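Numbering (full-length UniProt numbering), first residue to last: 1 to 195. Okay, so here's the structure we're looking at.
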Amino acid sequence: MLDILCFGNSLTQGFWHYGLEEPHPYALALKETLVEDEVVEGEIEIDVEGKPGDLVNLEGEKTYDWVIVLGGTNDLGYGSFSPEAIFAGLQRTWSLALASSPTTKVLALTVPECAYNSTKLKRNRDALNKSILEHEEDRFFTFDLKSALPYHAMDDVLKTKIWDDGLHLTDKGYDMMGQLIAKRLAELLQGSKTS
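This is the structure we're talking about:
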């Protein structure tokens, strides 16, 4: 049995189509890909704790094998939090997950781009993502979601297919996100760690 918690905000919840459609969390494709690729033997259970507008925080009593954390998007979007303050919040979240069990591992995702592009936002997102990718701790791993799922460098046909409103993804976009995360998680589960 593999227990995974996907923790974050509306991007974790799978918010799309302005909330008029049921959420489509990336966890659906994450699980489907892990099962199809036979990454683990036995069942895979994935819980999703994604709240639109949520800031970096983690509470709960269940322990997991993996906690996948995507945080900082809203914190950056509000513009009133420094990358250092957001990173400190992420560190608290990761620490709570790691302290929940001596075997729990964290997969921290970088903050993806969005349609809005300003010098300040880019500078702050890049600084935050650099801190995430450079963080080293026992049982802590990263995945550069920003590079794997770009907004501005993506061709217009694919962008229209997977990006919904310039911040959130479409159902197909969340599926792509889940598949990308599954690939990284599979590398880690199979022991070929590359941070």
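Backbone N, C-alpha and C fix where the C-beta goes; we use that ideal spot for every residue, glycine too. Because the structure is a prediction, the values reported are computed rather than measured.
- In the displayed model, D47 falls within a strand according to three-state DSSP.
- Comparing C-alpha distances from K172 to each of F7, L5, H17, N9 shows the shortest one belongs to H17.
- The beta-carbon distance between I86 and L128, rounded to whole angstroms, is 6 Å. This is short enough to meet the 8 Å contact definition.
- Scanning D165, C114, G89 for the CA closest to the CA of A153 turns up C114.
- In this structure, the straight-line span from the alpha carbon of A148 to that of I181 is close to 9 Å.
- Within the same chain, and ignoring the five residues on either side of P23 in sequence, the residues whose Cβ sits closer than 7 Å to its Cβ are Q13, G14, F15.
- Sequence-distant partners of A108 (beyond 5 residues in either direction) whose C-beta falls short of 6 Å from its own C-beta, in its chain, are V69, I132, T142.
- Beta-carbon to beta-carbon, G50 and S10 are separated by about 6 Å, close enough to satisfy the 8 Å threshold.
- Nearest in C-alpha terms to L188, of all of I46, Y116, V39, G19, is V39.
- The Cβ atoms of Y64 and D47 sit closer than 9 Å to each other.
- The straight-line gap separating the alpha-carbon atoms of E41 and L30 is approximately 15 Å.
- Secondary structure note for D3: its beta strand (DSSP E) is the uninterrupted segment 2-8.
- Annotation for A108: the continuous beta strand (DSSP E) segment containing it runs 105-109.
- The beta-carbon distance between D144 and T93, rounded to whole angstroms, is 18 Å. This is too long to meet the 8 Å contact definition.
- As DSSP reads the structure, T142 sits in a beta bridge with A108.
- For V35, the uninterrupted alpha helix (DSSP H) run begins and ends at 27-36, by DSSP.
- Residue nearest to R184 within the set A88, E21, D37 is D37 (criterion: CA-CA distance).
- Taken atom to atom, the span from the alpha-carbon of I162 to that of T170 is near 5 Å.
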